[in-house]
Every structure is written in C-alpha cells, then in structure tokens.
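Heads up: the protein sequence lines correspond to chains A and B, in order.
For the first sequence, our numbering gives the first residue as 1, with consecutive numbering after it.
For the second sequence, our numbering gives the first residue as 326, with consecutive numbering after it.
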Amino acid sequence: MTEMNMVQAINDALRLEMRRDDRVVVLGEDVGKVGGVFRVTQGLYDEFGDDRVIDTPLAEGGIIGAAIGMALYGLRPVPEIQFADFIFPAFDQIVSEAAKYRYRSGGEYTCPMVIRTPVGGGIRGGHYHSQSPESLFIHTAGLKVVCPSNPYDAKGLLLSAIRDEDPVLFFEPKRVYRAAKGEVPEGEYTIPLSEAKVVREGKHVTVVAWGAMLYEALASAEEVSAREGIEAEVIDLRTLWPLDLDTIVESVKKTGRVVVVHEAPKTCGFGAEILTLINEKAFLHLEAPPVRVTGWDTPFPYTLEMDYLPLQHRITPALIETAKF
Amino acid sequence: MQVETNVKAIHGGAGIRTPERSLEGIASVIRPDGTAHPAQDPRLPLALVKQLYAAMVRTRILDERLVTLQRQGRIGFHIGSLGEEACILASAAAMRDQDWIFPCYREFGALLWRGMPLQRYVDNMFGNANDPAKGRQMPDHYTGKPYKFGSVSSPIGTQMTQAVGFAWAAKLKKDDLVTSAYFGEGATSSNEFHTAMNFAGVFKTPTVMLCRNNGWAISVPSEKQTATRTFAEKGIAYGVPAVRCDGNDVLAVYKTVRAAVEFAAAGGGPTLIEMMTYRLSGHSTSDDPRAYRVEDEVTHWRKADPLLRLRKHLETLGAISDEEDAKLRADVDAELKACIEVAESTPRPALTSLFDDVFAEKPKYLIEQERECLEGPRPQAHH
Numbered sequence: 001m002t003e004m005n006m007v008q009a010i011n012d013a014l015r016l017e018m019r020r021d022d023r024v025v026v027l028g029e030d031v032g033k034v035g036g037v038f039r040v041t042q043g044l045y046d047e048f049g050d051d052r053v054i055d056t057p058l059a060e061g062g063i064i065g066a067a068i069g070m071a072l073y074g075l076r077p078v079p080e081i082q083f084a085d086f087i088f089p090a091f092d093q094i095v096s097e098a099a100k101y102r103y104r105s106g107g108e109y110t111c112p113m114v115i116r117t118p119v120g121g122g123i124r125g126g127h128y129h130s131q132s133p134e135s136l137f138i139h140t141a142g143l144k145v146v147c148p149s150n151p152y153d154a155k156g157l158l159l160s161a162i163r164d165e166d167p168v169l170f171f172e173p174k175r176v177y178r179a180a181k182g183e184v185p186e187g188e189y190t191i192p193l194s195e196a197k198v199v200r201e202g203k204h205v206t207v208v209a210w211g212a213m214l215y216e217a218l219a220s221a222e223e224v225s226a227r228e229g230i231e232a233e234v235i236d237l238r239t240l241w242p243l244d245l246d247t248i249v250e251s252v253k254k255t256g257r258v259v260v261v262h263e264a265p266k267t268c269g270f271g272a273e274i275l276t277l278i279n280e281k282a283f284l285h286l287e288a289p290p291v292r293v294t295g296w297d298t299p300f301p302y303t304l305e306m307d308y309l310p311l312q313h314r315i316t317p318a319l320i321e322t323a324k325f
Numbered sequence: 326m327q328v329e330t331n332v333k334a335i336h337g338g339a340g341i342r343t344p345e346r347s348l349e350g351i352a353s354v355i356r357p358d359g360t361a362h363p364a365q366d367p368r369l370p371l372a373l374v375k376q377l378y379a380a381m382v383r384t385r386i387l388d389e390r391l392v393t394l395q396r397q398g399r400i401g402f403h404i405g406s407l408g409e410e411a412c413i414l415a416s417a418a419a420m421r422d423q424d425w426i427f428p429c430y431r432e433f434g435a436l437l438w439r440g441m442p443l444q445r446y447v448d449n450m451f452g453n454a455n456d457p458a459k460g461r462q463m464p465d466h467y468t469g470k471p472y473k474f475g476s477v478s479s480p481i482g483t484q485m486t487q488a489v490g491f492a493w494a495a496k497l498k499k500d501d502l503v504t505s506a507y508f509g510e511g512a513t514s515s516n517e518f519h520t521a522m523n524f525a526g527v528f529k530t531p532t533v534m535l536c537r538n539n540g541w542a543i544s545v546p547s548e549k550q551t552a553t554r555t556f557a558e559k560g561i562a563y564g565v566p567a568v569r570c571d572g573n574d575v576l577a578v579y580k581t582v583r584a585a586v587e588f589a590a591a592g593g594g595p596t597l598i599e600m601m602t603y604r605l606s607g608h609s610t611s612d613d614p615r616a617y618r619v620e621d622e623v624t625h626w627r628k629a630d631p632l633l634r635l636r637k638h639l640e641t642l643g644a645i646s647d648e649e650d651a652k653l654r655a656d657v658d659a660e661l662k663a664c665i666e667v668a669e670s671t672p673r674p675a676l677t678s679l680f681d682d683v684f685a686e687k688p689k690y691l692i693e694q695e696r697e698c699l700e701g702p703r704p705q706a707h708h
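This is the structure we're talking about:
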C-alpha cells in the first residue's frame with residue numbers, strides 16, 4: 001500500500017494498464033510531454049512513447065472521433081478531454097456514434113473506450129472550468145458514467161472501465177484531485193462498474209452523493225451527528241450509470257428519508273432521476289419529502305462559486321429538516 | 326492543384342452553374358466517343374471493367390425498384406445513388422481487399438461490391454428479423470463489418486474522423502491497411518471534415534477522403550457550401566494532397582482512387598479526392614427536387630450518365646451486346662424480386678431485440694424495462 005492522491009492513482013492505473021495491454025493508447029490535448037494540465041498522464045509519454053501517448057490537435061470532436069475509429073479497429077483508446085466543459089464539440093461523436101455503435105450495427109461493431117475528463121467546481125475556474133455535465137450522458141442510451149471520489153476507487157474503477165466492452169465517461173472531480181488522499185494497493189485490482197458504497201452508516205436519513213460533494217455530505221453528516229444526534233447514512237455512488245439502485249433503496253427503506261447532493265444544476269439533474277426511482281421503488285417507506293441539494297439553475301459563477309455549490313452549509317440544514325420532518 | 330477556366334467538351338457547356346462545377350482540366354479517361362484516352366487509360370482488365378458495369382447496372386436497377394417500393398408504401402425510405410454509380414463502384418473497386426470503407430449513406434453499391442448478399446441489403450430495407458442492423462435503423466443505414474465496411478449513421482460527417490482514427494490505429498500497429506471515407510460536398514462544411522482533414526494531415530494517416538461532389542446537399546447547391554472555387558483546394562489548408570476527377574468516368578475514378586490508396590499504403594498519408602458527379606434523383610424518397618432546381622440541369626447531366634458512358638466505352642471495345650445487357654438487367658430483376666419476396670415474408674425482429682445490444686451485458690434496469698414491455702400492451706398497428 002502506498003499513500004496516493006487521485007492524480008497519482010489515476011496515473012498509476014493508466015500506467016499499469018498500458019503495460020498490461022498494448023491496445024491501450026492515451027490521446028488528447030497536452031497529454032504527452034507535459035503530462036496533461038493536471039499532470040494525470042505525467043511520465044506516460046516517456047515510458048510508452050508518442051505512438052501511445054498522443055498529443056492531438058486542439059479539437060475535441062476530432063479526439064473522440066479518432067478514438068472511436070481506434071476502438072472500432074480494436075485498440076482501447078483512453079481519450080482525455082481537458083475539462084468536461086469542453087466536451088461539447090465532441091457531443092455528437094459521443095452521443096450519436098460511440099454510444100450507438102453496438103446497437104445500431106446489430107452488435108457487429110463495439111466501441112470500447114474511456115473518455116476521461118475533470119469535472120466540478122470549487123477551483124476558481126468560472127463557468128468554463130467548473131461544470132458537471134453528467135446527466136447529459138446518463139440520459140444517453142449506451143453510455144456508462146463513472147465518478148470516483150477517492151484514489152482507491154479511482155484506480156480500481158478506471159481499470160474496470162478500460163476493460164469494459166462499452167464506452168465509459170470517467171469524470172474526475174478536480175476539486176479533490178490532490179486533496180483526496182488514501183492508501184492504494186500496488187498492482188492491479190478492479191472495482192465493478194455497478195456498485196455504490198455505503199461510506200457512513202446511519203439510521204435517520206440517507207444521503208446520496210458522489211465525487212467532490214461526497215466530502216461535503218460526510219462533513220454535514222458529522223455535524224448533524226454532533227449537533228442534533230442525527231445519524232446520516234452516506235452513499236458514494238462511484239458509478240453513476242448503471243445506477244446501483246438496490247443500495248439506495250435498501251438504505252431509504254431503513255431511514256425513510258433521503259437527500260441527494262450534486263453540483264450540477266437542479267433541473268433535470270441526476271438527482272431528479274434518483275428521487276423518481278426512489279418514489280417508484282420505496283414510496284411507501286418514505287417518511288419525508290425527498291430532497292435535492294444541488295447547484296442552482298444558473299450558469300456556473302466565478303466569484304460566488306461557493307454560494308453556487310451545494311456545500312456543507314446547505315447540506316446540513318437539509319439533513320436536519322428532512323430528519324425532523 | 327487544377328484550376329479550371331472552361332467547360333469540358335463532354336458537357337458541352339450546359340448545366341454548369343458555377344466555375345467549380347466546371348470539368349476543364351479534370352482527369353477524364355473515357356472520351357466523348359467512348360474510347361479511352363491512351364495516355365490516361367489505366368488499362369484495367371476487361372473482366373474488371375465488365376464487372377464494374379454489371380455492378381453499376383445492378384445498383385441503378387436497385388435504386389429504381391426501391392423508389393417504387395417506397396412509393397408503394399412497402400418500404401419506408403430509400404436514399405440512392407442515381408448518377409453517382411461510377412464514383413461509388415469504381416472507388417470501392419480501387420480499394421484493396423484488406424482496406425476498410427467508412428460510408429456516408431449512398432454507398433450500398435460499394436457494400437454489395439464488397440460482398441454483402443443482396444438478400445441482407447434488402448432485409449435492411451425492410452428492417453426485418455434478418456436485417457444485420459436488426460431493424461434498428463432506417464432503410465439504407467446498413468452495417469457491413471464482415472465486408473470491412475462501416476455502419477451508417479445519419480449525422481453528417483461523423484464517419485470521417487472515425488476513418489482517420491481507424492487508419493491511424495492500423496498505422497500504429499504497422500498493419501498494411503488503408504481506409505476510405507465517403508461524403509458529399511455538403512459535408513465539407515461540417516466540423517468533422519475539417520477535423521478529419523487536419524488530423525489526417527498531421528498524423529499522415531493512410532486515409533482516402535472521397536468527396537462525391539454531386540452538386541446538391543438536399544436543396545442547397547454546391548456553390549452555397551463554400552466560397553472556394555473547388556472543394557479539392559481545401560486540402561491545401563491541411564497539407565493534404567488533393568485532386569479532382571471526372572466522377573462519372575469509371576476509369577478516371579478507379580485510376581485516381583487507386584493512386585491515392587497506393588500513396589497511402591506507401592506511407593504518403595491522406596489524399597482528398599473530389600469526384601465531379603451529379604445527383605440525378607432527389608436527396609432521398611422524402612425529397613422533390615423540382616422545388617429547387619431546373620430540369621435543364623438534370624437533362625444535361627443525364628447525357629453524362631456514367632452508365633451510358635461506360636456502356637459506350639464497352640461498345641468501342643466490342644465487349645457488350647444488347648442481348649448481354651438485357652440478360653444482365655433481367656438477372657438483376659429476377660434476383661431482386663426473389664429477395665423482396667423473402668424479405669417481405671420475413672417476420673419483424675423479436676420484441677426482445679429492442680433491449681439487446683445497448684451494452685455488452687444487459688443491466689438490471691433494462692431487464693426490468695424489457696419485462697415491462699413484454700408484459701404490457703402492444704401498439705394497435707405497425708407501419
């Protein structure tokens with residue numbers, strides 16, 4: 001075991017998989033010599049060369065379109081989109097092509113690839129370096145969506161994602177890229193792309209979160225425990241889609257109350273889907289209205305970003321109100 | 326780069342709207358009298374030329390019959406290649422066996438050339454249980470992996486960057502493989518064209534970019550797609566060699582594409598080929614071109630019909646007779662008729678297939694939705 005941050009753990013996963021499987025190639029803007037603007041691919045260029053760690057021209061549609069071609073050929077491309085905010089030029093290729101190849105070709109073609117991209121705010125990035133567009137991809141049939149919150153999960157989930165037979169969006173919460181540290185085993189291990197994790201047990205209210213917001217949810221859980229004696233059960237989704245609904249429903253049946261936290265805007269955010277699914281599966285177990293604590297339905301702001309984000313100061317009162325309803 | 330100032334004799338000046346439709350200076354092989362220009366003739370084996378003629382006739386007849394089937398309401402849609410058969414067949418023939426084709430949506434002729442049984446194509450037209458795409462897409466959105474032929478989608482241009490990525494992967498793996506991507510001149514306005522050309526140029530991928538300049542993108546004429554004189558000259562901006570050829574001349578297309586394939590295979594990188602042709606039909610069966618173009622233009626291009634030109638060439642070689650031609654047509658008619666009968670009597674795909682192939686393994690939520698669908702009511706009618 002070694003202590004790593006998320007950047008190091010993701011880098012470790014890429015390196016191990018590139019050593020193990022020569023079909024794996026990394027491509028994107030600045031992923032080569034400089035090792036990515038967040039240094040996630042640092043050192044890979046030196047070890048694997050420019051045939052497998054490829055600096056591309058500055059065109060996200062081209063990065064993903066070319067990666068699809070590589071996947072069709074039989075490689076395992078891991079394209080990087082420098083910020084999730086810049087993924088939209090590639091939206092057509094992801095949504096209309098990568099996500100649909102298997103289905104539209106009757107299973108003839110498959111498109112295994114992992115699109116890595118940093119998401120989320122809290123890094124003074126303004127609108128174009130802070131967004132969380134996960135629900136757009138969850139809404140798209142044919143994509144898997146992952147968002148780890150810690151180094152251990154990041155490594156195990158990325159190895160699973162690269163070995164998966166379908167296209168995966170791998171969102172990396174950049175606010176905790178270096179802040180989230182933990183023990184990470186050396187060598188390979190995988191975490192299935194279908195399992196949420198209960199990271200704090202509790203009986204009064206369920207909190208569903210992922211990525212950087214998990215830490216805010218945990219902080220609120222400790223706060224309401226100390227202040228009010230409310231014990232929140234906190235679930236880290238880890239893989240957003242396919243959703244581990246069983247873990248959520250099991251928890252909600254126990255607590256009867258649920259709060260979903262996400263950075264993305266409220267309307268049509270993934271929280272809306274999660275709460276609807278809970279209504280469908282556990283309606284009669286609910287003791288309080290299900291609640292969302294999310295980003296506002298505004299563009300992501302610069303100066304007031306901490307007022308935009310659903311941080312501890314907003315999660316704590318939501319937990320108290322829901323628990324006491 | 327060729328620069329054109331006049332109109333080539335074979336087109337007699339009519340039907341040319343703008344300079345960029347001019348054919349002056351463009352590589353042609355078959356001359357107006359049907360003979361091959363001796364200095365330009367690629368001297369293909371006669372058997373291959375006859376095979377190409379047969380494939381073009383077959384493609385033409387299929388187009389005509391499929392339009393009729395659509396008008397009769399027996400299939401939902403057809404998007405064809407009337408007038409563009411030389412571009413499509415000769416370029417497909419010029420690819421080597423190991424090479425891969427990334428189609429647009431007018432290239433069923435290339436797919437059949439690559440060996441897909443006609444029955445499977447007709448099954449796709451009907452979206453039945455034997456359709457390789459399992460009835461999941463509109464007609465003419467076929468898939469042909471066993472024939473090293475891509476999977477058709479409707480968004481414009483997406484196949485181009487994929488063809489570049491595929492060729493790039495092959496190059497990284499040191500495989501002797503070239504890809505081609507078909508697209509219309511309208512698609513040169515798409516993001517994908519520019520990114521594909523740029524990536525192909527930067528990484529010298531073995532890719533042949535096949536632009537069918539057929540004059541029209543649905544109702545928008547080619548001169549409204551670009552302010553450049555030609556589409557080929559866009560290659561200059563990307564450092565990609567580009568040529569124009571007479572797209573209604575089988576021998577010219579074959580020769581030009583073959584040279585590009587050999588150039589790519591030798592490590593030279595991509596080539597952009599602008600094949601000058603004309604869309605004799607509407608965009609698809611959903612389109613009526615009388616709303617936006619004059620009949621004179623169509624009449625003119627009918628005289629430059631690639632089938633007529635190849636037929637004339639074969640006549641000068643004494644390699645075709647009326648009887649042979651009639652038999653060829655009768656054979657295609659009979660073959661197609663039989664395929665339609667089979668396709669029409671083949672059941673639609675099983676309801677469960679709706680939920681297959683979304684992912685390699687069916688997730689729980691899809692299993693639940695599948696059960697809900699199977700146990701639920703069915704629609705009153707199917708189109």
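All C-beta atoms, glycine included, are put in the ideal place defined by N, C-alpha and C.
Remember, it's a predicted structure, so these values are computed and weren't measured experimentally.
Query, Result
"Any chain A beta carbon closer than 9 Å to B:L497", "yes"
"Close-in-space but distant-in-sequence residues of the same chain around B:T677 (CB under 8 Å, 5 per side omitted)", "E695 and L699"
"Closer than 8 Å: A:L275 CB and nearest the ligand SAM heavy atom", "The model on display carries no ligand, and the ligand SAM is accordingly not part of it."
"Which of helix, strand or coil DSSP assigns to A:F300", "coil"
"Span separating the alpha-carbon of B:R431 from that of A:L72", "21 Å"
"Coarse secondary structure for B:A339, derived from DSSP in three states", "Caution is warranted here: a pLDDT of 40 is assigned to B:A339, below 50, making its placement in the model unreliable, and no coordinate value can be reported."
"A:Y302 versus A:G125: straight-line alpha-carbon distance, rounded", "7 Å"
"Whole-angstrom distance between B:S606 and B:L407, CA atom to CA atom", "6 Å"
"Sequence ranges, beta strand (DSSP E) only - wholly within the segment 114–159 of chain A, length at least 3", "114–119 and 144–146"
"Short CB-CB distance (under 9 Å) between A:Q93 and chain B", "yes"
"Simplified DSSP assignment, three categories, for B:M441", "coil"
"Runs of alpha helix (DSSP H) lying entirely within the segment 371–454 of chain B, each at least 4 residues, in chain order", "371–396, 410–419, 433–438 and 443–451"
"A:R227 at chain B interface by Cβ criterion, 9 Å", "no"
"Partners in chain B for A:L72, counting only beta-carbon separations shorter than 7 Å", "Q487 and F491"
"Beta carbon proximity, B:Y690 to chain A, threshold 9 Å", "yes"
"Extent of the continuous alpha helix (DSSP H) to which B:K580 belongs", "V575 to A590"
"Interface residues of chain A facing B:V527 [CB-CB closer than 9 Å]", "T56 and P57"
"The segment 32–47 of chain A touching the segment 86–94 of chain A, judged by at least three CB pairs closer than 8 Å", "no"
"Buried/exposed call for A:I63, threshold 16 Cβ in 10 Å", "buried"
"For B:V619, the residue or residues it bridges with in DSSP", "Per DSSP, none; premise fails for B:V619."
"Closer than 8 Å at the beta carbon, the chain A residues around B:R461", "Y103, R104 and G106"
"Alpha carbon of A:P112 to alpha carbon of B:I355, nearest angstrom", "46 Å"
"Reference A:I10; option with closest CA among A:A66, A:R314 and A:V176", "A:V176"
"Local conformation of A:H262 per DSSP, three classes", "strand"
"Top-ranked residue by Cα proximity to B:A379, from B:L639, B:K689, B:I665 and B:P672", "B:L639"
"Closer than 9 Å to chain B by CB, A:S194", "yes"
"Closest residue to B:G511 among B:P370, B:N539, B:M485 and B:D681 (Cα-Cα distance)", "B:N539"
"Residue-chain proximity (A:S132, chain B), Cβ-Cβ < 9 Å", "no"
"Per-residue contacts from A:Y109 into chain B (C-beta, under 9 Å)", "T468, K470, G475 and S476"
"Residues that B:N523 contacts on chain A, provided the C-beta gap is smaller than 9 Å", "P57, A59 and G62"
"CB contact check: B:P480 to chain A, cutoff 9 Å", "yes"
"Minimum Cβ-Cβ distance from A:E186 to chain B less than 9 Å", "no"
"Every unbroken alpha helix (DSSP H) inside the segment 637–694 of chain B [4 residues or more]", "647–670"
"Reduced DSSP category for B:D612 - H, G, I as helix; E, B as strand; rest coil", "coil"
"B:T530 to B:P480 span [Cα, whole Å]", "23 Å"
"C-beta contact flag for A:H262 and A:W210 at 9 Å", "yes"
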